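Engineer:
Numbering (mature numbering (1 follows the signal peptide of the UniProt record, and there is no 0)), first residue to last: -17 to -1, 1 to 379.
(1) Report the residue ranges of all alpha helix (DSSP H) runs contained in full by the region 283 to 328; include only those spanning at least 4 residues, in chain order.
(2) Between the region 288 to 304 and the region 242 to 251, can you find at least three pairs of beta-carbon atoms closer than 8 Å?
(3) Under 8 Å by Cβ, that's how I've got residue 124 and residue 97 pegged, so tell me the actual separation to the nearest angstrom.
(4) Residues in the same chain with beta-carbon distance under 6 Å from residue 66, minus the five sequence neighbours each way, listed in chain order, please.
(5) Going by alpha carbons, who is nearest to residue 69 out of 305, 49, 288?
(6) Mapping the DSSP letters down to three states, classify residue 66 as helix, strand or coil.
(7) With DSSP collapsed to three states, give me the class of residue 111.
(8) Using the C-alpha atoms, what's the distance from residue 333 back to residue 339?
(9) For the beta strand (DSSP E) holding residue 182, just list the boundary residues, first then last.
(10) Report the rounded CA-to-CA distance for residue 361 versus residue 244, giving the unit in angstroms.
(11) Residue 302 and residue 346: beta carbons closer than 8 Å?
(12) Given a threshold of 16 other Cβ atoms within 10 Å of its Cβ, counted over all protein chains shown, does residue 18 qualify as buried or as exposed?
(13) Under 8 Å, with one C-beta from each stretch per pair, do the region 151 to 166 and the region 225 to 234 reach the 3-pair mark?
(14) Taking C-beta to C-beta, are residue 195 and residue 246 nearer than 8 Å?
(15) Would you please state the rounded distance, in angstroms, between the beta carbons of residue 28 and residue 271? I believe it to be under 8 Å.
(16) Indicate whether residue 319 and residue 348 have their beta-carbon atoms separated by less than 8 Å.
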């Protein structure tokens, strides 16, 4: 068995020797892969920090002061318009209603008496029993009694309205937010903090800000603000965990005023939210795509960045390289640059090994295919040598 292994090891060694017996396959003198610059369509994207809000966020505030006697909802609960949320102690307001009702009853009794007196005075006046003064006085008393009834009824309506304020209902359908006040808490109509917030999140509005420069570029291309908004592509929403929301949104509004502190304009994009995954108050990022036609796009790995400047090595007709600064668009996808200056279609650039180059160095250009073939051969040789080393160690 050992004799068989020795023969196998010898055969593997012969194969390794045939491949050169070296860990790496060397390139020829100054061989570097070179690519000719071409124009193409490109798609990049820019992200903007964003805040999520319901399409309707309604703060629920008490209109009367008192202790909460009933809390009828829970945080995150879906409620309907008109659904009862809280009950505030109403004993004082019920007493006010009873008192106002009693005042109405009293005023109506006085009105009936005044009416009888006035009607009787009319009969007496016709028979010349009383004069005009007595008749007018009876009429005035009757009119005053009618006004007193109207006033008492208004007070009753006001008292009933105050009583109704003790029953806090949702003005809109939506989802209940946080509940800072629990049963037994004292609340006030002047409190700065709402009882809760009800958010309609069937559709959400995502607020983000774009730079003045980006907005001007977009507006000049489209002609006006309305056309710019209409021409914007659908946008994506990156959630707080880094995932992309499964629904696309559309930008619907743009602020007309630039924030002087930040130099940005506020934008609003709307997203459908059928599964209620998005919550009002959440955070994320808006991803705005940008498509450029006839652009020069190169991988970032072809470049060197020094002090916020971007450089490539161009190759002249004499095959000498030049350390060339290029201008790139601020938006990129993290993998490619859109070149806006410093390169033109037909230029040749070095694509790999640029750290080994120096300005005016003469190279021997090879194609990307030749470079890939040499890399594959080197990797294959490395695998063979690795297997030989493992086998040799096993036979010790």
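We put the CB at the ideal spot given by N, CA and C, even for glycine. These numbers were taken from a predicted model, which means no experiment stands behind them.
Structural biologist: Concretely, from the data shown:
(1) none
(2) no
(3) Indexing the chain shown from 1 puts residue 124 at position 141. Indexing the chain shown from 1 puts residue 97 at position 114. Yes, they are in contact, since the Cβ atoms of residue 124 and residue 97 sit about 5 Å apart, within 8 Å.
(4) Translated into the one-based positions of the chain shown, residue 66 becomes position 83. The answer, listed in chain order, is 153.
(5) The residue you call residue 69 lines up with position 86 of the chain shown. It is 49 whose Cα lies nearest to the Cα of residue 69.
(6) In the chain shown, residue 66 corresponds to position 83, counting from 1. Note: residue 66 maps to coil in three-state DSSP.
(7) As a working note, residue 111 is residue 128 in the chain shown. Three-state result, residue 111: coil.
(8) As a first step, residue 339 is located in the chain shown; it is residue number 356 there, counting from the start. As a first step, residue 333 is located in the chain shown; it is residue number 350 there, counting from the start. Going by the C-alpha atoms only, they are around 11 Å apart.
(9) Here residue 182 corresponds to residue number 199 of the chain shown, with the count starting at 1. Where residue 182 is concerned, the enclosing beta strand (DSSP E) stretches over 179 to 194.
(10) By one-based count along the chain shown, residue 361 stands at place 378. By one-based count along the chain shown, residue 244 stands at place 261. Take the alpha-carbon of residue 361 and the one of residue 244: they are about 56 Å apart.
(11) As a position in the chain shown, residue 302 is number 319, starting the count at 1. As a position in the chain shown, residue 346 is number 363, starting the count at 1. In this structure, residue 346 lies closer than 8 Å to residue 302 by Cβ.
(12) What you label residue 18 is simply residue 35 of the chain shown in a count that begins at 1. Classification of residue 18: buried, given that the 10 Å Cβ count is 16 or more.
(13) Contact annotation: the region 151 to 166 does not touch the region 225 to 234, with fewer than three C-beta pairs closer than 8 Å.
(14) Here residue 195 refers to the residue found at position 212 when the chain shown is read from its first residue. Here residue 246 refers to the residue found at position 263 when the chain shown is read from its first residue. Yes, Cβ-Cβ distance for residue 195 and residue 246 is below 8 Å.
(15) Here residue 28 corresponds to residue number 45 of the chain shown, with the count starting at 1. Here residue 271 corresponds to residue number 288 of the chain shown, with the count starting at 1. 6 Å between Cβ atoms; contact.
(16) As a first step, residue 319 is located in the chain shown; it is residue number 336 there, counting from the start. As a first step, residue 348 is located in the chain shown; it is residue number 365 there, counting from the start. Against a cut-off of 8 Å, the Cβ pair of residue 348 and residue 319 comes out as no contact.
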